[in-house]
Each structure stands twice: as C-alpha cells, then as structure tokens.
Amino acid sequence: MTAHLASTSQQITHATAALKKLRPAYGELLNFYEKIFVAQEDSRSDIKLAALKITKEMLALKKKEKFPLIDVSEFRIDPKAAIALLERICAIVEAANKEMADSARVIRKAIASETLNPQALFSSLLKADHAYFKKLKKDLAIDKKTLAFVAYISIKPSVVHCAEQLASYLDSDHPWDKGFCPLCGSAPGFSVFEDEGQRVLFCGFCWHQWAAQRIYCPFCENKDSNSLHYYFSEEEKYYRIDSCDSCKTYLKGLDQKNTDRVIYPPLEFVATLHLDIKAQEMGFKSGIQLELQ
Ligand SMILES: [Zn+2]
Ligand SMILES: [Zn+2]
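Take any residue in the sequence shown, note its place counting from 1, add 5, and you have its number in my numbering.
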C-alpha cells in the first residue's frame with residue numbers, strides 16, 4: 006500500500022475526510038484544522054515575494070560548515086497576503102474554537118483599531134521575541150499561545166513559499182545528513198517512512214522535507230540501534246513514535262506501507278495528540294519547540 010502526499014486544497018479535504026473516518030473522536034479538531042489548512046492553501050496563490058538570494062561564497066561556507074541556509078528570522082513575509090489570512094484565521098477560530106475564540110476576537114479588534122500592528126507581530130514571531138509577546142499579552146489581556154498560533158498560521162504560506170525557493174540552492178549530489186532543517190535550521194516535526202524504505206523528515210517550522218537515515222535520532226544524531234526504538238499500536242499501525250534513549254526525545258511519524266490514505270503531514274501532526282501523550286507517559290520529551298508556534 007502506498008500513501009500519497011496532499012498538496013492542494015481538494016486533497017487536504019480528502020485527507021481530512023479519510024482521517025475523520027478513522028478517528029471520529031478527532032472530528033471537531035479535524036474540521037477546524039481543515040478550514041485552517043485550506044485557507045493557507047488558498048492564500049498561497051496571492052503571495053508575491055522577492056527571492057532570497059545567497060551568494061556563491063556564502064553558499065560554499067554554509068555547505069562546508071553544514072549550516073542551514075538561513076535563520077528563521079530571515080524568512081520573508083508578504084504582508085498583504087499574511088494580514089488577509091490572519092483576518093480569515095481569526096474568523097475561523099472565533100467560529101470554531103471555544104478555547105481560543107475570545108483571544109481571536111481581541112486580536113481582530115486590536116488590528117482594526119491599530120493597537121496591534123500585524124507586521125510587528127509577524128516579525129516578532131520570526132525573531133522569537135518573547136518580550137514582545139509578553140507585552141502584548143499584558144496590554145491586550147490575551148492568551149500568548151493563541152497570538153503565536155494565529156501569527157504562525159498566517160505567515161506559514163509565505164514561509165513555505167520562501168522554503169520552496171530556497172530549496173533550489175540545496176546540493177542534490179550531497180544529501181543533507183543533519184537532524185535539523187537544511188533551509189532554516191529548525192527541528193523536524195514529523196517523519197514519514199516511505200514504501201521503499203526511505204525516511205523523510207519534515208521541518209517543524211517551514212515544512213521542507215529531506216531524506217534521512219531510518220535508524221537515526223535527528224535531535225542528538227544517535228545511530229545506535231540498541232538505544233533507538235519505535236512504538237506503534239495494533240489499531241493504527243500506520244503511526245509510529247520514534248524515541249531515543251540517549252537524549253530521551255521522541256518524534257511522531259507515519260509508515261506509508263501501512264496505509265493507502267492521502268497524507269497531509271501537518272494534519273497528521275495535529276491528529277496525533279494521543280501519540281504525544283503516550284510518548285510523554287513513556288518519559289520522552291518532544292524534540293520541537295512549540296512555545297511560539
Ligand atoms: Zn525549515
Ligand atoms: Zn537522541
């Protein structure tokens with residue numbers, strides 16, 4: 006069996022429908038994220054950004070030192086597209102997510118009254134400026150997590166656009182063998198084990214995908230099979246938790262040979278909260294920094 010990766014709004018809708026059948030308990034959450042991911046996909050065609058350029062000298066240095074091509078703070082954001090998406094996301098959150106609805110309403114009103122500058126919000130997220138978020142939380146009396154969530158969701162199409170453009174700088178003759186994203190340096194958020202035995206890691210921030218070894222911890226580069234394990238349950242053999250005894254970290258993943266569903270990795274990521282609970286119960290910590298995402 007082979008799973009296919011979704012890349013259009015229609016495929017995201019198919020992927021959500023298939024997942025809802027498998028996990029009815031996630032129905033409400035999946036409906037919510039389907040709207041978010043479709044809104045992001047729709048926004049992609051509006052994005053206009055000048056290309057990020059990396060000089061030959063810089064590229065040679067990055068390659069030699071195995072540095073990522075850019076820092077997260079260097080991603081370019083199309084303000085018009087991101088602000089339009091932010092408004093749409095706030096409306097989705099207000100209508101469908103009780104927990105975050107009040108904060109989303111405050112964010113939308115604060116933008117309308119110019120108390121909140123969306124461009125400052127976006128750049129503060131990219132710079133991981135915690136002081137900015139703390140101040141907004143206090144000034145607007147809103148939940149910091151919701152603020153970061155809607156900001157990240159809104160800039161993601163621009164981030165993905167930049168990532169796709171930057172990927173052309175990568176050297177296909179020398180595959181990346183590090184555990185962090187070759188483009189932005191972020192940790193992987195999800196992995197997919199392909200039919201042919203290849204493993205693909207997905208950046209937890211820009212969602213760029215790169216090939217990795219199967220028996221490998223991307224967080225500490227451990228390759229010792231005695232201390233690397235994976236777990237799955239009989240009811241859902243297509244999911245797995247890869248854990249490392251050396252750094253006590255886990256990564257969620259999907260095994261394509263056990264499903265023929267259309268897969269949209271960001272959706273699989275949110276539909277597997279039970280795996281996070283399971284992994285944490287087993288004493289492992291997540292390898293991704295979720296505080297401002
Ligand atoms: Zn990345
Ligand atoms: Zn490790």
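Every residue gets a Cβ at the ideal spot worked out from N, C-alpha and C, and that includes glycine.
Cβ pair residue i, residue j closer than 7 Å
i, j, result
"P162", "I94", "no"
"Y243", "D229", "no"
"P223", "G184", "yes"
"F154", "I82", "no"
"K257", "T277", "yes"
"P270", "F210", "no"
"H213", "C186", "yes"
"L35", "T21", "yes"
"S196", "L91", "no"
"V267", "Q45", "no"
"V111", "L145", "yes"
Pick from the options that is closest to residue i, judged by C-alpha positions
i, options, result
"A86", "S191, N36, V77 and Q124", "Q124"
"S177", "S232, K68 and E119", "K68"
"K149", "S12, G209 and M105", "M105"
"A192", "T120, N122, I97 and W215", "W215"
"G288", "C249, V275, R266 and F274", "C249"
"G202", "S238, K262, Y38 and Q16", "K262"
"V275", "L10, F42, K26 and Q16", "F42"
"G32", "P84, L280, R110 and L272", "L272"
"R204", "C189, C225, S129 and P180", "P180"
"K143", "L188, L121 and Y157", "L121"
"F37", "I220, A156, K71 and T18", "T18"
"H234", "A284, L188 and G190", "A284"
heavy atom of ligand 2 below 6 Å from residue i C-beta
i, result
"T254", "yes"
"S251", "yes"
"N227", "yes"
"F37", "no"
Residue i beta carbon near ligand 1 (any heavy atom closer than 6 Å)
i, result
"C186", "yes"
"H166", "no"
"S191", "yes"
"F274", "no"
"F210", "yes"
"H213", "yes"
contact_flag[the stretch 61–81, the stretch 97–105] where n(CB pairs < 8 Å) is 3 or more: no
Validate contact between the stretch 127–137 and the stretch 70–80 using beta carbons, cut 8 Å, 3 pairs: yes
Sufficient close CB pairs (3 or more, under 8 Å) joining the stretch 232–250 to the stretch 164–179: no
Whole alpha helix (DSSP H) elements within the stretch 56–104, 4-residue minimum: 61–70 and 84–101
Those runs of the beta strand (DSSP E) which lie wholly inside the stretch 178–258 and span at least 3 residues: 193–198, 204–208, 214–217, 233–238 and 241–249
Runs of alpha helix (DSSP H) wholly within the stretch 132–164 (minimum 4 residues, chain order): 135–145
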